[in-house]
Amino acid sequence: MDIPKQYTSADVEERIAAFWAEHDAFAADPARGGQSYCIVIPPPNVTNVLHMGQALNNTLQDVLIRWQRMRGANTRWVYGTDHAGIATQNVVERALADEGASRDDLGREKFLERVWQWCNEKGGAITEQLKRLGCSLDFAHERFTMDEGLSNAVQEVFMRLFAKGLIYRGNYIVNWCPRCCTALSDEEAEHREQDGKLWYIRYPIHGSKETIVVATTRPETMLGDVAVALNPADKRLKALQSKTVLLPILNRKLAVIADDFVDPKFGTGIVKVTPAHDPNDFQMGQRHGLEPINVMTDTGEMNENAGPYAGMDRFVCRSQLLDDLDAQGLIEKIERHTLSIGECYRCHTVVEPRLSKQWFVRMKPLAEPAIKPVEEGTIRFHPKRWTKVYLEWMNNIRDWCISRQIWWGHRIPIYYPKDSDEPIAARSEAEAREKAGGAPVRQDPDVLDTWFSSWLWPFSTLGWPDDTDDLRFFYPTNTLVTAPEIIFFWVARMIMAGYEFAGDLPFTDVLIHGTVRDEYGRKQSKSYGNTIDPLEIIAELGTDALRFSLVSLASPGQDMPMQTGCDTPPGHTPVHLSDEERAQKRLETFLPGRNFCNKLWNASRFLLQNLEGADEIYDFASATLTADDTYILGKLNETIAATDDALTRFRLNDAALALHDFFWHHYCDRYIEYAKGPLTNGSPDDQRRTQAVLRTVLQNTLKLLHPIIPFITEEIWRLLESNERAPLMSSPWPRALTLDLDEETVAHTGERYELVRAGRNLRKEYNVPPSLKRRFIFQALDETRMNHIVTDRATTEALLGASELLVVDSAHRPEHPMPSTETPMGTLYIELGADAVRETTRLKKELEKLDEVIAKIKAKLRTEAFRSKAPEAVIAKEREKLEKISEKADRLRRSLSVLEE
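Every position in the sequence shown, counted from 1, becomes a number in the working numbering once 806 is added.
This is how it looks when you write it as structure tokens:
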């Protein structure tokens, strides 16, 4: 059989992808019946290009869906994209800015036409990239969160919630992004710790020369102060409660209020109250009937209420205000202070707490039915520790701000009669006019939060609110695979929505995978310059190399560090890399996957060339299996069970590692090496039986590996099963062979392979090439092991490359000292003969050279000039080098001592 020596991933992947498409291999049809298995993809943003986190997430989903498909389930992996309101609008606005225009220049309708144009022309990139990743998504039923069906679902949900009184409009403090000019939910304002300052500012007491000191981390917001507050139990400040305080610079009179919220131990025990710019102050203001004063515009500039600072950017205002306060002697002191800074999850602009009228969903009534199923294990998180995180958030849930001040998205279906702010919920303007008694109406300009469509994803994509075949068959879905950062954004809300609108849980299992990070522990991000492009890895090493590496590293819930070759972050010893070195670094994480795929290809190539004429059906039950046959078939059964168990428990990495160990070490290193004997020198029956074993194991291994590395396994399957027309994923998932495979034989044969490995290591240690036959002596631990080796002496001699294998019991030892090694079966000795003298001379010379190198490194490390001038990384490298060479020298000394006894 003519099989290429090299596996060329690009050619194979393109051809195999076309083959799958030709067979419509990913399609699902409820009319086929059977057991359903459904996964919904976390919809990528329509603006996305594939990043490494998505490559990981979608590879894990594909492993599960391919596994279930091969187990016979009627599977659907629901595909679609998210309209990504803020992100997509930002992209189009940047394009307009390059043309010297803005969305206001176009107007709402024209701007939305432009966004739709962008989505239609450029929004499909992520779809093609997921196909390159090998994702077996049901692309034929692709959905979009702004398509007609999902838009109807969004409208239906809004109308139901509004009718139940669970949607309301209120004036509240929200997270405001001055760059995107919109409100954000609490989950969309990502917080990170940052070094900041705490300014202690003197506020004059009205009618007195005295001052009080107030501490703040945001001085610019003091321009919106309406009071100062203290704790009523703070006896130190009791006299202050009857006085009035003046706001510095603006000289506005401020009331002094007493409120239990104030922490007497923070700062001076006195806090400023700024209801328009702080959520806690807002609540305090409501309790005390204080009128809020907003001092900022929606773009983060100071407004007319800021007096002389009007028109300034908020941070420019901060700087100028501090200068002015300092000039008047009103800054008492400044302390370093760690801050938790909220940033917009899209543009990373610092978020401003801002008083604004927004639409909210009351979440408590929706959360209550979604708590019990998780507590009782009806919905399971993997790893289990995320259950506690989910429940804590649900038990302390806050109302959800769902309105956004942008144009791209589902427009809020609220209308107002002319000259009125009384809201009317309606599915259309005509319906709203009818509800308004025929009067003209205007629609609310805001759109809904992107997540308002995403939380309906498991059932809206299957046709809800209509009663469709897809919805009846595939809902509830089975597994959700996602990252921890969207448990609150998405997972929790989907569970609430499933029970509230579809009447059932949306899925039974939630697999939370870790976050992709760099070598310094930072999340991979364009802003850090530490990302790895998965398409670059695919182009260089192949899709399967990427997939196998990702799955192998994906320990449930554990973050995944990768070598990225990025610039060294502050606090670390600088490492300077060339562009070529950076490129090589980015490949490092994925080389083990590439190496495994190469091993699979090379071994399969050898097997295919030796399986010509092999029986396609072989009766193992009537055959006399050798110990090695029994061993590999027993290990195959163990691996099938281990793979099933790992996938069932969502430990996909354990499945990958078990398959790697089985194929590389048990099948290739052991059985295939053994099989070369009977294939070459065995009787016709031996050859037929060995071919049948090799073929059976290869068939099952390809099936087991297919969910993880689908392209290369499909290619090899096409070569192995040349008469088979259907894709490999249509083949049944392996089941344990129903053969009487003696467990004791499997165990002892495994020990014998360990003995062979130890013998080969002895050869390597004493520089005896495989081509030289040498006498071995085996001293067995017990009679049982001795008998096993005596029975398998011919096979063992062949694998050791031994001229003779002398087997003795534990009471006998060699007459003169010989190199030896311990194994699970006993002690193995190698006789060097005349080579011993040559080897002794060689070891002495090599040891001499190593001792010279060790002396030089030690001298360098003792030198003051080197220790004081060399970078820490260079010193560490020298120490590591010394440690490795010293270990090698110690090994040589031990080997030499054996030869000189």
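Yeah, the Cβ is synthetic: ideal placement off N, Cα and C, and Gly gets one too.
Only a predicted model underlies this, so the values are computations on that prediction, with no experimental measurement involved.
8 Å Cβ cutoff met for residue i and residue j
i	j	result
His1382	Tyr1326	no
Leu1634	Phe1584	yes
Leu1568	Ile1636	yes
Met768	Ala1173	Since the first residue of the chain shown is 807 and the last is 1707, residue 768 is not available in this structure.
Val921	Ala890	no
Val884	Asp953	no
Val1157	Asp1205	no
Asp1385	His1188	no
Pro1625	Val1562	no
Ala1420	Ala1360	no
Gln1369	Glu1342	no
Val1051	Ile1011	yes
Thr887	Gly929	yes
Tyr1222	Glu1235	no
Leu1442	Asn1506	yes
Leu1612	Thr1646	no
Leu1500	Leu1534	no
Distance between beta carbons of residue j and residue i, contact taken as under 8 Å
i	j	result
Tyr1196	Ala1345	The Cβ separation is near 39 Å, so there is no contact.
Asn896	Ala1289	Not a contact, Cβ separation roughly 22 Å.
Phe1412	Thr1445	In fact, because the Cβ distance is near 20 Å, the residues do not count as touching under 8 Å.
Pro1271	Phe1313	That pair is no contact at about 19 Å.
Pro849	Trp1470	That belief does not hold up - the Cβ atoms of Pro849 and Trp1470 are roughly 37 Å apart, past 8 Å.
Leu1698	Lys1664	18 Å between Cβ atoms; not a contact.
Leu1127	Pro1025	6 Å
Pro1038	Asp1066	7 Å
Trp1192	Ile1293	7 Å
Leu972	Pro1171	6 Å
Selection from the options that minimises the alpha carbon distance to residue i
i	options	result
Gly1399	Leu1127, Thr1349, Ala1447, Ile1423	Thr1349
Val1357	Arg1233, Glu1342, Thr1155, Gly1320	Gly1320
Asp1129	Glu1097, Pro1054, Gly1073, Gly1183	Pro1054
Met1366	Cys1403, Asp1324, Asn1401	Asp1324
Ile1660	Leu1649, Thr1669, Ser1692	Ser1692
Cys1150	Leu1568, Tyr1424, Ala893	Ala893
Arg1120	Lys1675, Tyr1559, Met1102, Asp835	Met1102
Ile809	Trp924, Asn1416, Phe1456, Lys1139	Asn1416
Phe964	Ser1209, Arg1700, Lys1329	Ser1209
Phe1582	Asn1284, Ser1609, Arg1563, Lys1683	Ser1609
Leu1131	Leu1442, Pro1081, Tyr1009	Tyr1009
Pro1576	Ala1604, Pro1538, Ala1600, Asn1404	Ala1604
Thr1602	Leu1667, Arg966, Tyr1480	Tyr1480
Arg1042	Leu1268, Leu1052, Pro1070, Leu1578	Pro1070
Leu990	Lys1163, Thr1267, Gln1092	Lys1163
Pro1579	Glu1670, Gln860, Leu1606, Glu1658	A quick correction: the sequence has Lys, not Pro, at residue 1579. Here the closest residue by C-alpha is Leu1606.
Phe1451	Leu1465, Ala1308, Tyr978, Leu1485	Residue identity differs from the one stated: residue 1451 is Asp in this sequence, not Phe. Of Leu1465, Ala1308, Tyr978, Leu1485, the residue nearest in Cα terms is Leu1465.
Lys1708	Leu856, Leu1612, Trp1165, Tyr1115	Residue 1708 lies beyond the range of the chain shown here (807 to 1707); nothing can be said about it.
Lys1139	Gly1073, Gly1095, Arg1186, Asn1086	Gly1073
Separation of residue j from residue i, as counted between CA atoms
i	j	result
Pro1219	Leu912	23 Å
Asp1434	Glu1422	21 Å
Val1614	Asp1475	27 Å
Arg1495	Ile1518	27 Å
Lys916	Val960	23 Å
Asn1408	Lys811	7 Å
Tyr1559	Lys937	42 Å
Arg1142	Ile1318	37 Å
Pro1623	Asp1696	19 Å
Val1503	Phe1456	25 Å
Thr1530	Leu1414	The sequence as given places Glu at residue 1530; Thr does not occur at that position. Answer to the nearest angstrom: the Cα atoms are 16 Å apart.
Leu918	Arg975	26 Å
Within-8 Å CB hit, residue i to chain B
i	result
Arg1328	No chain B is present in this structure, which holds just one protein chain.
Counting pairs of beta carbons, one from the stretch 1275-1290 and one from the stretch 1141-1161, are three or more of them closer than 8 Å? no
Quick check: the stretch 1510-1524 against the stretch 863-882, are there 3 or more CB pairs under 8 Å? yes
Would you call the stretch 1027-1040 in contact with the stretch 1055-1065, where contact means no fewer than 3 C-beta pairs closer than 8 Å? yes
Indicate whether the contact test is met: 3 or more Cβ pairs, each with one atom in the stretch 822-842 and one in the stretch 1256-1263, closer than 8 Å. no
The stretch 986-998 in contact with the stretch 1012-1024 per 3-pair CB rule at 8 Å: no
Three or more C-beta pairs under 8 Å: does that hold for the stretch 1042-1053 against the stretch 1089-1102? no
For the structure I just gave you, are there three or more beta carbon pairs, one from the stretch 1528-1545 and one from the stretch 1586-1594, closer than 8 Å? no
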